[in-house]
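See structure below.
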Amino acid sequence: MQSLSGGELTKLFLAVGLARSPDLLFLDEPTNHLDYPALEALRQVLCQFQGAFVTVSHKPFFLDQVAQTTWELSATNLQVYGGNFSYYREQKQLEEAAKERAHETARKELKRTKATILNEQKRAAQSRRSGRQKALNGDMPRIVAGGFKRRAEAVAGQLKIKHEKAMAVATQNVADTKVRTHKAASIQLEEHGKKHRQLIEINHANLWVADRLLLKDIELCLLSRDRLAVAGINGSGKSCLVKAILGLDTTPAVLQGGEVRCADMRTVYLDQSYALVDRTQTVLQNMQRANPALNYQLLRQQLGHFLFWNDDVYKMASVLSGGELARLAIAMITIAEIDLLILDEPTNNLDVTTVDQMVEAINDYQSALWVISHDLDFLSRINITHSVQLKHQTLQPTLYLPSQMLPYQQCLLEDH
């Protein structure tokens with residue numbers, strides 16, 4: 028079991044679960060670590076499954092293909108939407124728009140209430156001044172003036188109660204209709220790249236892992252503003268190619284033969300297991316190690332952007348969930364200036380809101396990007412400019428880019 032990859036473990040667990048012919052199947056992030064052929068096989072299995080299934084997933088493209096009903100679980104309730112993820116997303120947008128309109132209406136009503144109260148107070152004050160002036164001028168008998176004063180005081184008291192009630196209702200409506208925003212990580216990447224600089228050039232090299240040839244006759248050129256998506260089945264060498272290019276000591280992967288040129292560049296590599304996070308250190312210690320020039324206050328502030336507050340920063344990394352590890356790893360890389368950012372399955376363990384934040388940050392980032400991912404929705408949104416796949420021990424350009432999701436998926440499924 029320990030020698031199996033994440034994708035192989037996922038497929039094993041799915042096979043064991045389905046072999047029992049259950050009436051109800053629960054799947055928790057079943058798409059993590061699965062390549063495109065395995066994802067397609069899972070889709071077909073679920074579409075033909077005779078029982079009921081519940082899947083916890085944050086992969087919109089996959090959910091659109093298999094789900095008929097979407098449940099949204101929040102801290103306070105469970106909301107049911109009668110459709111797939113795209114339907115859910117549309118309904119959420121409509122709900123948010125309706126809430127914004129209701130809040131704006133409440134704010135306008137509060138403004139009108141304040142104006143009405145002010146006008147009524149002005150009229151009442153003017154009436155009192157007029158009565159006092161008549162009494163002073165002797166135009167009004169003393170007994171009449173006294174009665175007028177008592178009535179004015181009574182009316183003023185009634186108006187005060189009326190105004191306080193109207194203000195309380197209007198103010199409460201504004202508070203009740205205020206759109207509650209969910210806590211989300213705030214991601215920003217710092218680029219360091221220069222335009223049109225060549226970062227990586229490989230000509231006719233071979234990728235070996237120990238005595239096994241994974242890729243032959245590799246040709247690849249990466250410029251400073253390129254956005255490259257790398258696809259391939261599990262075990263084809265996607266991660267090994269990255270590690271060989273970077274010359275990581277922890278891997279037996281090497282590039283031999285041909286020519287391999289790498290510029291002097293600042294590279295950040297976020298791998299699937301978040302290896303840059305030291306499990307023997309706390310959240311704060313990891314952040315300090317990655318950013319030694321930052322003072323304590325700035326470190327805490329940066330961690331707060333990634334939802335690590337208060338005593339959370341003193342947690343040992345070993346007890347963090349997959350999503351927390353992902354957020355910490357991203358936090359550690361976001362301050363350093365980057366020439367080349369390499370992301371290996373970055374959306375695993377991330378919720379939809381955090382993925383949206385990552386997409387926004389990547390689209391603002393202007394240096395080179397190398398992405399290994401089977402998340403089609405994510406890839407389609409980050410402006411990929413070049414795409415290759417590892418197939419039959421060769422590195423081949425794809426016919427389509429991920430922005431054309433269905434054709435891109437189909438070309439990756441061919442011959443598998």
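Residues 28 to 443 (the working numbering) make up the sequence shown, in order.
We treat Cβ as the ideally placed atom computed from N, Cα and C, and that holds for glycine.
P57: not part of any beta strand (DSSP E); DSSP gives it neither H nor E. Separation of Q423 and L417 (C-alpha to C-alpha, rounded to the nearest whole angstrom) is 6 Å.
Membership of V72 in any beta strand (DSSP E) is not indicated; the residue belongs instead to the alpha helix (DSSP H) covering 63 to 75. In this structure T204 is in contact with K126, their Cβ atoms being roughly 7 Å apart against a cut-off of 8 Å.
Judged by beta-carbon spacing, V83 lies beyond the 8 Å limit of D62, meaning their Cβ atoms are not closer than that value.
Close CB contacts of L325 within its chain, under the 6 Å cut and outside five residues either way in sequence, are absent. Taking 3 residues as the shortest admissible run, the region 88 to 149 contains the following complete beta strand (DSSP E) segments, listed from N- to C-terminal end: 97 to 100, 105 to 108. Within the same chain, and ignoring the five residues on either side of N59 in sequence, the residues whose Cβ sits closer than 6 Å to its Cβ are N375. Comparing alpha-carbon positions, the option among L247, F76, N410 lying closest to R47 turns out to be F76. By DSSP's assignment, L422 forms a beta bridge with L417. Distance between K265 and T421, taken at the CA atoms: about 11 Å. Under the 10 Å beta carbon count, G259 is surrounded by 16 or more other beta carbons and is classified as buried. In this model, Q71 and P319 are separated by some 49 Å (Cα to Cα). Of the residues assessed, C74 falls on the exposed side of the cut-off, its CB having fewer than 16 other CB atoms within 10 angstroms.
Out of N200, G110, N146, the CA that lies nearest to the CA of T132 is found in N200.
DSSP places N230 outside any alpha helix (DSSP H); the residue lies instead in the beta strand (DSSP E), whose first and last residues are 225 to 236.
For the 8 Å CB-CB criterion, M343 and Q329 do not form a contact. Here F88 has L403, D404 as same chain residues with Cβ atoms under 6 Å from its own Cβ, once five neighbours each way along the sequence are excluded. For M359, DSSP records no beta bridge to any residue.
Residue T96 holds the alpha-carbon nearest to the alpha-carbon of V81 among Q92, S407, T96. In the structure shown, the three-state DSSP call for M343 is strand. By the Cβ-count criterion, A395 is buried, with 16 or more other Cβ atoms from all chains shown falling within 10 Å of its own Cβ. Taking all protein chains shown into account, E441 has fewer than 16 neighbouring C-beta atoms within 10 Å of its C-beta and is therefore exposed. Under the DSSP definition of a beta bridge, A280 partners with V236. Approximately 6 Å separates the beta-carbon atoms of A356 and L303; this is inside 8 Å, confirming the contact. In this structure, the beta-carbon distance from N111 to D91 falls below 8 Å. Cβ neighbours of V236 within its own chain (closer than 6 Å, five residues either side excluded): C267, P279, A280.
The continuous beta strand (DSSP E) containing A395 extends over residues 395 to 399. When the Cα atoms are used, F335 and Y108 turn out to be separated by approximately 31 Å. The bridge partners DSSP lists for C289 are I227. Residue range 294 to 297 is occupied by the beta strand (DSSP E) that includes Y296. Listed as beta-bridge partners of C248 by DSSP are E228. A distance below 8 Å separates the beta carbons of H413 and L255. Around the beta carbon of K86, 16 or more other beta carbons lie within 10 angstroms, which makes this residue buried. The C-beta of F53 has fewer than 16 other C-beta atoms within 10 Å across all chains shown, which makes the residue exposed. Take V415, set aside five residues on each side of it, and the residues of its chain with a beta-carbon closer than 8 Å to its own are L247, L255, A256, V257, A258, L422, Q423, P424, T425, in chain order.
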